[in-house]
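A.B. asks: Sequences listed follow chains A and B, in order. Read in order, the letters of the first sequence correspond to residues 1105 to 1611 in the numbering used here. Read in order, the letters of the second sequence correspond to residues 1105 to 1611 in the numbering used here. Ideal Cβ positions, reconstructed from N, Cα and C, are used throughout, including at glycine. In this text, all values refer to a predicted model and were calculated from it rather than measured experimentally. Shown below is the structure under consideration.
2 protein chains.
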Amino acid sequence: MEFAELIKTPRVDNVVLHRPFYPPVEGTLCLTGHHLILSSRQDNTEELWLLHSNIDAIDKRFVGPLGTIIIKCKDFRIIQLDIPGMEECLNIASSIEISEWRLSYVNKEFAVCPSYPPAVIVPKAVDDEALRKVATFRHGGRFPVLSYYHKKNGMVIMRSGQPLTGTNGRRCKEDEKLINATLRAGKRGYIIDTRPLNVAQQARAKGGGFEQEAHYPQWRRIHKSIERYHILQESLIKLVESCNDQTQNMDRWLSKLEASNWLTHIKEILTTACLAAQCLDREGASILVHGTEGTDSTLQVTSLAQIILEPRSRTIRGFEALIEREWLQAGHPFQQRCAQSAYCNSKQKWEAPVFLLFLDCVWQILRQFPCSFEFNENFLIMLFEHAYASQFGTFLGNNESERCKLKLQQKTMSLWSWVNRPSELSKFTNPLFEANNLVIWPSVAPQSLQLWEGIFLRWNRSSKYLDEAYEEMVNIIEYNKELQAKVNLLRRQLAELETEDGVQESP
Amino acid sequence: MEFAELIKTPRVDNVVLHRPFYPPVEGTLCLTGHHLILSSRQDNTEELWLLHSNIDAIDKRFVGPLGTIIIKCKDFRIIQLDIPGMEECLNIASSIEISEWRLSYVNKEFAVCPSYPPAVIVPKAVDDEALRKVATFRHGGRFPVLSYYHKKNGMVIMRSGQPLTGTNGRRCKEDEKLINATLRAGKRGYIIDTRPLNVAQQARAKGGGFEQEAHYPQWRRIHKSIERYHILQESLIKLVESCNDQTQNMDRWLSKLEASNWLTHIKEILTTACLAAQCLDREGASILVHGTEGTDSTLQVTSLAQIILEPRSRTIRGFEALIEREWLQAGHPFQQRCAQSAYCNSKQKWEAPVFLLFLDCVWQILRQFPCSFEFNENFLIMLFEHAYASQFGTFLGNNESERCKLKLQQKTMSLWSWVNRPSELSKFTNPLFEANNLVIWPSVAPQSLQLWEGIFLRWNRSSKYLDEAYEEMVNIIEYNKELQAKVNLLRRQLAELETEDGVQESP
């Protein structure tokens, strides 16, 4: 994840700077990754440079369309910026606020957490030494890290493994400090545990557990129930078996579809993702998501919440970045989970269609918002295929550490480098895409969720006529472009001829 | 139904006429509703006029691309026509063959069959007197009439009410003659009874029954099971109730969907319609369809078979004609069936969503063949709405007789006259339509059939984003037309300017 991606660096003109004992100064505000720079309009020599790390606290105020940001610095300086336009003001405020986070390389040798990448984003207030301690208190060393920063209001999604409280109710001061450091004063957050309460309680017997609210007083814990492992794998096996059932009996088909529980899993995952997104966007609260390991249901929730909240994750490049960040770098064990699929008899307990369920959930949202995604269904199907069997190195191994040891970056080609060639991209581009900068709220009513025919019925019936309809649409849009080019060319020719006429007439 | 619609009247050049003892004559063949006319090329004065009703038998033969039709006349004349092109030959042959049928006005006072229109198409070999006798042997006076003529091979769909055999095995020679008259020598036909065998057997106790194969030796009877009346109404009530269920439980939803049996009914109806279409198109056999009255499941089957077989019925005008012919004129009791819908407590035994099931089946086919229909889903939804509540006269009354008595044609406006205005039509036109002249075979596997969200979930969730996608597609196609017009205009201007240049240069 690029840290710079999190920082909006707009340039805003007509900003007024107020300092005690000084006259107001009007100028232009620029933000870089490290500095806030104000250049005076009257006197080009006067420039105020402020390190983000010098900022102790910031306040926002609005009077009509005029926004005011008050920045209180660690060196006791206080400055006030009047910014015309509420949106610009919010953008700047959140860009400054994100400086509460930092890139940490504490895991650069994969020693602190074997399933994490070398670089992670953590609260600025917590140093690497504390992170090492927190890692010993979290399942698999997965200390809480930043997953998503909601620019609109500065709220965040963090993810981690379960806390190792055990039956004795073990505590970790550094863990408590880290988690609280992500909340502003007086703010509350939500811990979304993807397990039901009883499962979380049972986990204590094996050394796991959950956060005691007494020790995390600003946080409220919510338990959801997303299934894991063999339950999901059995669900997939049952679903595929019923899709292949040729008895032509409607009752039997619907009973088997129900008994597979696949759509129930889809519903549970989407519901939890919506809850996560609601916490950020509607409640204005930050969240921490984890289940047991933090490598499966946790990633389903954090990545789907981003699909809902963040328009960029609905573009092709943005979605690729999301999968890179929230699945590959985040340590989803692809090799274990996708070793076998629905037809294998030797069932291993680590096989589970966790990633396929995520893709299915994305498809459900795509189906409900057909213009809001830059990619089409074929893109999701292609990713499913490559997760299970691929000539590229991208989905090999179980985490970044394994991929490094296998030298996959040197030895194999990346799926993205192939997919991003224009000839491939054209297959995956949604012709109806119109950038939608809003949060999109999918319906999770059972009536709204459907079987993903493109995956589960693709070998059972010809898709010839559906493909034709799709191609027809693509052709129409291509033809549009050709016609537009023709119009431009003809206009140019016409203009040239008219000019020639003018030249001929003048002498 | 227009009789003329059944007759293809192509004009074919380069036809060679052979007659015994005469030299061959080359000329042009024209077909009218009554005559076959051959004009000689060498000598414009020579014209052969042949009344269709003079034709006793015809034979077809093919040698490579050359087709030969041998026409044997009732006056013992035999002529042979060599026709270049197999398709032209088949078209002409079937156009001649349809002359085995005639328009009968035996029911012009609605006295023979109160639920039939004044004009019906029946075999030429059967006179009105015989029709009157057959009417007394068929439920509700519904003697067998022509529903559809398959131009490709001259096979037909007929429909009727059940035969009134009763427990004594009553027979009707005229009925047997009528039904056999529709088959060419040596050909077999299928009687599709929409009831299971035991239901058909039980019907004898109430005076009804089914055709004994001994008395209809060229016909094979097939029993299917399409549900009727209150079973369908209860199915609709259960389905709508489960769609409105807000308990957000996936298992409950799927159980209730299954328990409603709605999709089972869809499957049964579509399966029977496919069977009917297969008999005609694949087996080259004619069929007779009936259940009990011949006003419900019978019409579902005959009209859906036409959707499958006949490209014209997939156009807007063709579908309107289909509904006019196979539902309104054919005497589906709309007033009784559509008096109430899913929310009414006072359940009457004659209420049933027979027409809605038909529309749903059309939607299922439309979904599988998105480019093959000139109309879109909104057209079907509009028809559903008007069948249940309408400011137009079209769907009032139970049959043509009632509509005549009520003087609806004088007192009300027709739905079609409103729908066919360009401003309305544009809402119902499928932007992806590309005329598909083939028979389309829908999949009836339970996995391929889906809940019609546009009808059953339309009030339960916003369709804003789906509507937007549809409008986007329509806009793109509109913009295409504008661009094309612009290209044409600019080309014209360019050509004019270039001509002017030429004129200026020449002197």
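Report yes if the C-beta distance between P1227 of chain A and I1182 of chain A is below 8 angstroms; otherwise report no.
C.D. replies: Taking the first residue of the first sequence as position 1, residue 1227 of chain A is located at position 123. Taking the first residue of the first sequence as position 1, residue 1182 of chain A is located at position 78. Against a cut-off of 8 angstroms, the Cβ pair of I1182 of chain A and P1227 of chain A comes out as no contact.
A.B. asks: Can you tell me whether DSSP reads V1543 of chain A as helix, strand or coil?
C.D. replies: By one-based count along the first sequence, residue 1543 of chain A stands at place 439. V1543 of chain A: coil per DSSP, three-state reduction.
A.B. asks: What number of angstroms, rounded off, separates the C-alpha of I1296 of chain A from the C-alpha of G1312 of chain A?
C.D. replies: Locating residue 1296 of chain A in the first sequence gives position 192, where the first residue counts as 1. Locating residue 1312 of chain A in the first sequence gives position 208, where the first residue counts as 1. Taking the straight line joining both Cα atoms gives about 16 angstroms.
A.B. asks: In this structure, does DSSP put E1233 of chain B in helix, strand or coil?
C.D. replies: Position 129 of the second sequence, counted from the first residue, corresponds to residue 1233 of chain B. It is helical.
A.B. asks: Say whether chain B places a C-beta atom closer than 8 angstroms to the C-beta of S1547 of chain A.
C.D. replies: For the purposes of this step, residue 1547 of chain A is identified with residue 443 of the first sequence, where counting begins at 1. Yes, S1547 of chain A lies at the interface with chain B (some Cβ there is under 8 angstroms from its Cβ).
A.B. asks: Would A1380 of chain B pass as a contact of I1391 of chain B if the rule is Cβ separation under 8 angstroms?
C.D. replies: Position 276 of the second sequence, counted from the start, is the residue given in the question as residue 1380 of chain B. Position 287 of the second sequence, counted from the start, is the residue given in the question as residue 1391 of chain B. Yes, Cβ-Cβ distance for A1380 of chain B and I1391 of chain B is below 8 angstroms.
A.B. asks: Could you give the DSSP three-state label for F1166 of chain B: helix, strand or coil?
C.D. replies: Position 62 of the second sequence, counted from the start, is the residue given in the question as residue 1166 of chain B. Of the three classes helix, strand and coil, the one that applies to F1166 of chain B here is strand, per DSSP.
A.B. asks: Are the C-beta atoms of L1461 of chain B and some chain A residue less than 8 angstroms apart?
C.D. replies: As a working note, residue 1461 of chain B is residue 357 in the second sequence. It does not; no Cβ of chain A falls within 8 angstroms.
A.B. asks: Is any heavy atom in the ligand GTP found nearer than 7 angstroms to the beta carbon of L1403 of chain B?
C.D. replies: No copy of the ligand GTP appears in this structure; indeed no ligand is present at all.
A.B. asks: Quick one: does I1518 of chain B have its CB under 8 angstroms from some CB of chain A?
C.D. replies: As a first step, residue 1518 of chain B must be located in the second sequence, where it is residue number 414. According to the sequence as given, residue 1518 of chain B is Ser; it is not Ile. No, because no Cβ of chain A sits closer than 8 angstroms to the Cβ of S1518 of chain B.
A.B. asks: List the residues of chain A whose Cβ lies closer than 9 angstroms to the Cβ of E1602 of chain B, in chain order.
C.D. replies: Position 498 of the second sequence holds residue 1602 of chain B. Going along chain A in sequence order, the residues near E1602 of chain B (Cβ under 9 angstroms) are L1601.
A.B. asks: Taking 8 angstroms as the cut-off, decide whether the C-beta atoms of K1453 of chain B and H1334 of chain B are in contact.
C.D. replies: On the second sequence, residue 1453 of chain B is found 349 positions in, with the first residue counted as 1. On the second sequence, residue 1334 of chain B is found 230 positions in, with the first residue counted as 1. Contact flag set, yes.
A.B. asks: Mapping the DSSP letters down to three states, classify L1142 of chain A as helix, strand or coil.
C.D. replies: Position 38 of the first sequence holds residue 1142 of chain A. It is a strand residue.
A.B. asks: In angstroms, rounded to a whole number, what distance separates the CA positions of T1368 of chain A and G1293 of chain A?
C.D. replies: Position 264 of the first sequence, counted from the first residue, corresponds to residue 1368 of chain A. Position 189 of the first sequence, counted from the first residue, corresponds to residue 1293 of chain A. Computed Cα separation, rounded: 28 angstroms.
A.B. asks: Below 8 angstroms between beta carbons: does that hold for S1407 of chain A and Q1472 of chain A?
C.D. replies: Locating residue 1407 of chain A in the first sequence gives position 303, counting from the first residue. Locating residue 1472 of chain A in the first sequence gives position 368, counting from the first residue. Against a cut-off of 8 angstroms, the Cβ pair of Q1472 of chain A and S1407 of chain A comes out as no contact.
A.B. asks: Could you tell me whether the Cβ of C1347 of chain A comes closer than 8 angstroms to any Cβ of chain B?
C.D. replies: As a position in the first sequence, residue 1347 of chain A is number 243, starting the count at 1. Yes, contact with chain B.
A.B. asks: Look at the alpha carbon of Q1588 of chain A and the alpha carbon of E1576 of chain A, and state the distance between them as a whole number of angstroms.
C.D. replies: Within the first sequence, numbered from 1, the residue matching residue 1588 of chain A stands at position 484. Within the first sequence, numbered from 1, the residue matching residue 1576 of chain A stands at position 472. Spanning the two alpha carbons is a distance of roughly 18 angstroms.
A.B. asks: Note down, in chain order, each residue of its chain lying with its Cβ closer than 8 angstroms to the Cβ of P1169 of chain B, except the 5 sequence neighbours on either side.
C.D. replies: Here residue 1169 of chain B refers to the residue found at position 65 of the second sequence. Contacts found: P1188, G1189, M1190.
A.B. asks: Using a C-beta to C-beta distance shorter than 8 angstroms, which residues of chain A count as neighbours of F1532 of chain B?
C.D. replies: Your numbering for residue 1532 of chain B matches position 428 in the second sequence. Per Cβ cutoff of 8 angstroms: no residues; F1532 of chain B is ~17 angstroms from chain A at best.
A.B. asks: Strictly under 8 angstroms for the Cβ-Cβ distance: is R1595 of chain B near chain A by that measure?
C.D. replies: By 1-based counting over the second sequence, the position of residue 1595 of chain B is 491. Output row for R1595 of chain B: interface = yes.
A.B. asks: With a 10 Å radius around its C-beta and 16 neighbouring C-beta atoms as the bar for buried, classify Y1126 of chain B as buried or exposed.
C.D. replies: Residue mapping note: residue 1126 of chain B aligns to position 22 of the second sequence, counting from 1. Result: exposed.
A.B. asks: Give me the chain A residues within the contact set of R1565 of chain B, using Cβ-Cβ distance strictly less than 9 angstroms, ordered along the chain.
C.D. replies: Counting from one through the second sequence, the residue named residue 1565 of chain B turns up at place 461. Those are Q1472, S1547, A1549, Q1551, S1552, listed as they occur along chain A.
A.B. asks: What's the gap between the Cα of I1581 of chain B and the Cα of E1586 of chain A?
C.D. replies: In the second sequence, the residue the question calls residue 1581 of chain B occupies position 477. In the first sequence, the residue the question calls residue 1586 of chain A occupies position 482. Computed Cα separation, rounded: 14 angstroms.
A.B. asks: Skipping 5 residues on each side, what residues in its chain have a beta carbon closer than 6 angstroms to that of G1497 of chain A?
C.D. replies: Locating residue 1497 of chain A in the first sequence gives position 393, where the first residue counts as 1. Hits under 6 angstroms: L1512, T1516.
A.B. asks: Could you name the residues of the same chain whose beta carbon sits closer than 6 angstroms to that of L1343 of chain B, not counting the 5 residues immediately before and after it, in chain order?
C.D. replies: As a working mapping, residue 1343 of chain B is identified with position 239 in the second sequence. Cβ within range, chain order: S1364, W1366.
A.B. asks: Given that T1368 of chain B touches chain A, what residues does it touch there, using C-beta distances under 8 angstroms?
C.D. replies: Working through the second sequence from its first residue, we reach residue 1368 of chain B at position 264. Result: M1354, D1355.
A.B. asks: Would you please verify whether the beta carbon of L1598 of chain B is less than 8 angstroms from any beta carbon of chain A?
C.D. replies: Start at 1 with the first residue of the second sequence, and residue 1598 of chain B comes out as number 494. Output row for L1598 of chain B: interface = yes.
A.B. asks: Under the three-state reduction of DSSP, which class applies to P1457 of chain B: helix, strand or coil?
C.D. replies: Within the second sequence, numbered from 1, the residue matching residue 1457 of chain B stands at position 353. P1457 of chain B falls in the coil class under three-state DSSP.
A.B. asks: Once you ignore the five residues that flank P1221 of chain A on each side, which residues in its own chain have a CB closer than 6 angstroms to its CB?
C.D. replies: Position 117 of the first sequence holds residue 1221 of chain A. Answer for P1221 of chain A: Q1433, E1504, listed in chain order.
A.B. asks: Residues in the same chain with beta-carbon distance under 6 angstroms from E1130 of chain A, minus the five sequence neighbours each way, listed in chain order, please.
C.D. replies: To locate residue 1130 of chain A, count along the first sequence from 1; it is residue 26. Closer than 6 angstroms at Cβ, skipping near neighbours: V1120, R1145.
A.B. asks: Mind pulling the chain B residues with CB within less than 8 angstroms of N1584 of chain A?
C.D. replies: Walking along the first sequence from the start, residue 1584 of chain A turns up at place 480. The answer, in chain order, is I1580, Y1583, N1584, L1587.
A.B. asks: What residue ranges within the stretch 1383-1419 of chain A form continuous alpha helix (DSSP H) runs of no fewer than 4 residues, ordered along the chain?
C.D. replies: Runs found: 1401-1413.
A.B. asks: Can the beta-carbon of F1537 of chain A be found closer than 8 angstroms to that of E1478 of chain A?
C.D. replies: Indexing the first sequence from 1 puts residue 1537 of chain A at position 433. Indexing the first sequence from 1 puts residue 1478 of chain A at position 374. In this structure, E1478 of chain A lies closer than 8 angstroms to F1537 of chain A by Cβ.
A.B. asks: Please state the DSSP three-state secondary structure of K1310 of chain A.
C.D. replies: Counted from its first residue, the first sequence places residue 1310 of chain A at position 206. Helix at K1310 of chain A.
A.B. asks: Check for me: the beta strand (DSSP E) holding C1046 of chain A runs from which residue to which?
C.D. replies: Here chain A comprises residues numbered 1105 to 1611, so residue 1046 of chain A is not present and cannot be evaluated.
A.B. asks: Could you give the distance in angstroms between the alpha-carbon of Q1184 of chain B and the alpha-carbon of K1310 of chain B?
C.D. replies: Indexing the second sequence from 1 puts residue 1184 of chain B at position 80. Indexing the second sequence from 1 puts residue 1310 of chain B at position 206. Distance between the alpha carbons of Q1184 of chain B and K1310 of chain B is about 53 angstroms.
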